[in-house]
Amino acid sequence: MTDLNVISCLNEIENYPYISLLCVSEEKKKNSTLLATDCMLPTATFAQLLAEIKRREFSLNQEDMRLLAVFLLQQTSPYSLLDMEPKSWFTQALWKSA
Numbered sequence: 000m001t002d003l004n005v006i007s008c009l010n011e012i013e014n015y016p017y018i019s020l021l022c023v024s025e026e027k028k029k030n031s032t033l034l035a036t037d038c039m040l041p042t043a044t045f046a047q048l049l050a051e052i053k054r055r056e057f058s059l060n061q062e063d064m065r066l067l068a069v070f071l072l073q074q075t076s077p078y079s080l081l082d083m084e085p086k087s088w089f090t091q092a093l094w095k096s097a
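Numbering that gives the first Met the number 0 puts the first residue of the sequence shown at 0, with every later residue one more than the last.
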């Protein structure tokens with residue numbers, strides 16, 4: 000984030016009881032003016048990725064869903080990959096040749 004007015008407003012949230020702000024990022028921004036506490040999220044599990052694959056309805060058979068979950072576990076940012084690639088990349092199993 001580079002808009003200092005927005006960052007200032009976000010930083011003000013800490014002054015309000017019972018209000019919290021959760022920001023999720025895959026990369027830590029150096030020298031950020033956003034007042035935040037770093038909290039590392041745990042790595043996604045096989046079960047979580049399999050559930051996400053099912054939720055997105057890629058129309059894959061059980062074995063391909065399992066193989067896709069294994070493939071995603073090997074990626075640095077599996078959820079971003081799910082968001083970045085078009086649905087056809089998954090339904091046509093193009094990830095198998097990636």
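Beta carbons: idealized from backbone N, C-alpha and C, even for Gly.
task: Report, in whole angstroms, the separation of the C-beta atoms of leucine 81 and alanine 68, which I expect to be a contact under 8 Å.
output: On the sequence shown, residue 81 is found 82 positions in, with the first residue counted as 1. On the sequence shown, residue 68 is found 69 positions in, with the first residue counted as 1. With a beta-carbon spacing of about 11 Å, leucine 81 and alanine 68 fall beyond the 8 Å limit used to define contacts.
query: Exposed or buried, what is leucine 71 when buried is set at 16 or more other beta-carbons lying within 10 Å of its beta-carbon?
result: Working through the sequence shown from its first residue, we reach residue 71 at position 72. Looking at its Cβ environment, which holds 16 or more other Cβ atoms inside 10 Å, leucine 71 is buried.
Cut-off 7 Å between Cβ atoms - residues of its own chain near phenylalanine 45, not counting five sequence neighbours on either side: Mapped onto the sequence shown, residue 45 falls at position 46. Non-local C-beta neighbours of phenylalanine 45 in its own chain, meaning closer than 7 Å and more than five positions away in sequence, comprise Ala68 and Leu72, ordered along the chain.
field: Candidates Phe57, Pro41 and Glu11, of which the one nearest serine 76 by Cα
entry: As a working note, residue 76 is residue 77 in the sequence shown. If we check each option's Cα against that of serine 76, Pro41 comes out closest.
- request: To the nearest angstrom, report how far apart isoleucine 18 and phenylalanine 57 are at their CA atoms.
  value: Position 19 of the sequence shown holds residue 18. Position 58 of the sequence shown holds residue 57. Taking the straight line from one Cα to the other gives about 37 Å.
- prompt: What did DSSP end up calling valine 23 once you bin it into helix, strand or coil?
  reply: Here residue 23 corresponds to residue number 24 of the sequence shown, with the count starting at 1. Looking at valine 23 - three-state DSSP - the assignment turns out to be coil, as it is neither helix nor strand.
- prompt: Can you give the Cα-Cα distance for serine 96 and glutamate 62, rounded to whole angstroms?
  reply: Stepping through the sequence shown from its first residue, residue 96 is reached at position 97. Stepping through the sequence shown from its first residue, residue 62 is reached at position 63. Each residue's alpha carbon lies about 16 Å from the other.
field: Nearest-angstrom Cα separation, counted from serine 7 out to methionine 83
entry: Translated into positions along the sequence shown, residue 83 becomes position 84. Translated into positions along the sequence shown, residue 7 becomes position 8. Straight-line spacing of the CA atoms in methionine 83 and serine 7 works out to 30 Å.
query: So what does DSSP say about isoleucine 12, is it helix, strand or coil?
result: Looking up residue 12 in the sequence shown gives position 13. Isoleucine 12: helix per DSSP, three-state reduction.
message: Check this for me: beta carbons of leucine 34 and glutamate 13, under 8 Å apart or not?
response: In the sequence shown, residue 34 corresponds to position 35, counting from 1. In the sequence shown, residue 13 corresponds to position 14, counting from 1. Cβ atoms of leucine 34 and glutamate 13: closer than 8 Å.
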